[in-house]
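A short write-up of the structure that comes next.
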Amino acid sequence: MSKRLTREERIEIVLISGECSNRVIAADFNARHPTRPPISHATVSKLLAKFRETGSVLDLPKCGRMKTVTNEETSVAVLASFSKSPQRSTRRMSLESGISRTSLRRILATHKWHPYKLQLLQHLNEDDPDRRTEFAEWAKQKLEQDPQFTQKILFSDEANFYVNGEVNKQNHRYWSDTNPHWIDPSKTVGTKKVMVWCGIWGTKIVGPFFINGNLKATGYLKLLHDDVFPSLCTEAGTFPEFFQQDGAPPHYGCQVRAFLDEQFPEKWIGRRGPVEWPPRSPDLTPLEFYLWGHLKAIVYGVKIRDVQHLKLRILETCAGNFSCGVAISV
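According to our numbering, the sequence shown is numbered sequentially starting from -1.
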């Protein structure tokens, strides 16, 4: 197995060359170094030719730009910069430092740094896991009895749409060698917004309905009585078997619960309803994990001018080619 000659070994070969042939020089060198892999006369020939041409036994520097990743000083500077500003993007860092984004990513990967993504989390109380389990067991039993059970539920929710758009979590990263469990407490403040009620019944979107001002129990009851439930009437005379709402305070009003008892006796899901909706469980409703994100992605595809333009975009998106073919499972 061949082995590269050290600088000292190359000099030694030049010194013992004299008038000897390359084969003799190679044999002499191999005898002096019996523990290293032997060299051939071709190696001696190349080395002496290099010495005569350049006056040096060292290899010529290779062409191409220097690798910054192997530079320890550069790596330390990059990691220090991201430690100071972990939310800085590699694009911005590349512009400021002059180091390519590829090299920056290589430095971060070499030192096992990762771009952690912003996650919005719900704080769970002590008994929340048990209540989630109870609901999941009830839903599982219903699905075993009827595989199409979830298609018979009208899922509902409200969401705020801001004129200036929303936080795009997809572009938020936090560079670190350990997971910081980053939570962004910022909210959109002082900007115009529209509150929207929507429902999903099978593959059909119910709504949208716009809510003026803050939602209270009386306003929510009026919305259900005057707008939502009348819109559910179909030519086939079908009607949702179950109605679902979360535990928001307006949904908990006595008059709201009494109205739902009339419309869906023993078949509405919500806070203190016949079927208890587990609190702080947005991941269980298709509006939270599918509809709102998909709807906003389309609505904010253009720059919103004002509130009226925002409402128009929401209406057009829901009435157009917006597909709600989402599989709902528990």
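Backbone N, C-alpha and C define an ideal beta-carbon position, used for all residues, glycine too.
Same chain, Cβ closer than 8 Å to residue i, five either side skipped, listed in chain order
i: proline 36; result: Ala24 and Asn28
i: arginine 376; result: Examination of residue 376 is not possible in this model, given that the chain is present from -1 through 328 alone.
i: threonine 52; result: Leu58
i: aspartate 26; result: Ile14 and Cys18
i: valine 22; result: none
i: histidine 121; result: Arg278
Three-way DSSP call (helix, strand, coil) for residue i in this model
i: glutamine 242; result: strand
i: valine 192; result: strand
i: tryptophan 136; result: helix
i: cysteine 322; result: Note that cysteine 322 scores 49 on pLDDT, short of 50, meaning its location in the model is unreliable; the coordinates nonetheless yield the value given after this. Coil, per DSSP.
i: valine 305; result: helix
i: lysine 115; result: strand
i: proline 127; result: helix
i: lysine 1; result: coil
i: valine 165; result: With a pLDDT of only 44 at valine 165, under the threshold of 50, the placement of this residue in the model should not be trusted; the figure read from the coordinates follows. In this structure, valine 165 counts as coil in the three-state DSSP scheme.
i: isoleucine 97; result: coil
i: asparagine 212; result: coil
i: leucine 152; result: strand
i: glycine 205; result: strand
i: glycine 197; result: strand
i: serine 184; result: For serine 184, the predicted model reports a pLDDT of 46, less than 50, meaning its position is unreliable and no value from the coordinates is stated.
i: isoleucine 11; result: helix
CB contact flag (residue i, residue j, <9 Å)
i: phenylalanine 159; j: leucine 308; result: yes
i: proline 276; j: arginine 130; result: yes
i: valine 76; j: leucine 46; result: no
i: glycine 205; j: glycine 211; result: no
i: isoleucine 198; j: leucine 93; result: no
i: valine 254; j: leucine 219; result: yes
i: lysine 1; j: arginine 34; result: yes
i: leucine 213; j: proline 248; result: yes
i: serine 101; j: serine 79; result: no
i: valine 74; j: valine 12; result: no
i: phenylalanine 227; j: glutamine 261; result: yes
i: isoleucine 312; j: asparagine 162; result: no
i: aspartate 155; j: serine 279; result: no
i: aspartate 244; j: arginine 270; result: no
i: serine 43; j: asparagine 20; result: yes
i: glutamate 351; j: histidine 31; result: The structure shown does not extend to residue 351, since the chain spans only -1 to 328, so no value can be given for it.
Residue i: CB within 8 Å of a non-hydrogen atom of the ligand FAD
i: glycine 16; result: Annotation note on the ligand FAD: not contained in the displayed structure, which lists no ligands.
Residues near residue i in its chain [Cβ-Cβ closer than 6 Å; skip 5 each side]
i: isoleucine 151; result: Phe240 and Gln242
i: valine 273; result: Ile267
i: leucine 258; result: Trp266
i: isoleucine 296; result: Thr315
i: alanine 157; result: Val194 and Trp290
i: leucine 141; result: Phe147
i: threonine 186; result: Any reading at threonine 186 needs caution, since the residue's pLDDT is 47, under 50, leaving its predicted position unreliable; the model's value is listed next. The answer, listed in chain order, is Tyr160.
i: alanine 215; result: Pro248, Gly251 and Val254
i: serine 184; result: Its pLDDT being 46, under 50, serine 184 is placed unreliably by the model, and the measurement read from it follows with that caveat. If we look at serine 184 and ignore the five residues flanking it on each side, it has no Cβ neighbours.
7 Å Cβ shell around residue i - same chain, five flanking residues per side excluded
i: arginine 153; result: In the sequence as presented, arginine is not what sits at residue 153; that position holds phenylalanine. Once the five neighbours on either side are set aside, the close Cβ partners of phenylalanine 153 are Gly197, Ile198, Gln242, Thr283, Pro284 and Leu285.
i: valine 305; result: Val161, Lys190 and Val192
i: isoleucine 9; result: Val55
i: proline 238; result: Lys150, Ile151, Leu152, Trp199 and Leu230
C-beta neighbour in chain B for residue i, strict 9 Å
i: glycine 235; result: As a matter of chain content, chain B is missing from the structure shown, which is built from one protein chain.
Scan the stretch 220 to 303 and note each continuous alpha helix (DSSP H) run of 4 residues or more that stays entirely inside, going in chain order. 252 to 261 and 290 to 297
Run through the stretch 31 to 86 for me and flag every whole beta strand (DSSP E) of 3 or more residues, listed as ranges in chain order. none
Are at least three pairs of beta-carbons, each pair with one atom in the stretch 132 to 146 and one in the stretch 212 to 229, less than 8 Å apart? no
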